[in-house]
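Residue numbers (the working numbering): 4 to 190.
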């Protein structure tokens with residue numbers, strides 16, 4: 004029994020250390036996601052300097068995420084995805100070229116999921132542009148949404164290779180179709 008007790012004691016120590024690391028990762032994850040959410044809010048309000056400040060704060064904390072991503076990939080993936088979505092949205096709104104995942108510094112899978120989420124944010128911009136009577140802006144947002152969706156359309160792989168992708172792709176398709184309808188009926 005002594006051997007079992009020693010093994011369990013060792014496991015308890017290892018699990019406590021892992022739990023402490025997980026707690027830190029959870030804290031940092033929440034902070035990064037919060038910065039990204041606030042950045043997106045500022046982007047929608049047209050406050051780009053404030054949005055950039057939030058994105059800069061998020062980017063600084065991504066180093067902590069990177070150090071622990073191997074142990075907590077699910078948390079890290081979500082953080083990268085939120086960051087990619089916010090950065091891509093800001094660049095689109097500012098009419099900058101779309102950055103690649105290497106430019107943003109996130110893994111490609113998180114980038115793809117962030118792009119698909121960005122389509123919903125662009126639809127929000129499109130609706131706001133229509134409300135304000137800015138049809139050219141609405142057309143730009145729609146064209147960008149559609150281009151992102153169509154560019155990602157050839158990615159027809161199993162969920163084991165692209166987990167969560169197909170579901171988000173279906174949601175993006177519906178958002179593009181709804182946006183098309185809203186754009187057409189506004190004419």
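Ideal placement from N, C-alpha and C gives every residue a C-beta, glycine not left out.
On a CA-only basis, which of the options is nearest residue i? Give me that one, please.
i, options, result
"residue 87", "97, 109, 37 and 17", "109"
"residue 162", "45, 116 and 20", "116"
"residue 186", "6, 154, 159 and 126", "126"
"residue 73", "25, 94, 168 and 99", "25"
"residue 171", "113, 146 and 38", "113"
"residue 180", "148, 135, 48 and 22", "148"
"residue 49", "107, 131, 119 and 100", "131"
"residue 146", "17, 98 and 71", "98"
"residue 135", "184, 189, 118 and 150", "189"
"residue 94", "157, 159, 47 and 165", "47"
"residue 100", "120, 76, 71 and 150", "150"
"residue 3", "68, 167 and 16", "The requested residue 3 does not occur in the structure, where the chain is confined to residues 4 to 190."
Helix, strand or coil for residue i, going by three-state DSSP, please let me know.
i, result
"residue 75", "coil"
"residue 97", "coil"
"residue 123", "helix"
"residue 112", "helix"
"residue 136", "coil"
"residue 129", "helix"
"residue 19", "helix"
"residue 162", "coil"
"residue 7", "helix"
"residue 117", "helix"
"residue 190", "coil"
"residue 156", "coil"
"residue 63", "helix"
"residue 50", "coil"
Does the beta-carbon distance from residue i to residue j come in below 7 Å?
i, j, result
"residue 42", "residue 129", "no"
"residue 82", "residue 40", "no"
"residue 175", "residue 143", "no"
"residue 53", "residue 92", "no"
"residue 122", "residue 178", "yes"
"residue 65", "residue 28", "no"
"residue 58", "residue 20", "no"
"residue 133", "residue 139", "no"
"residue 36", "residue 85", "yes"
"residue 61", "residue 38", "yes"
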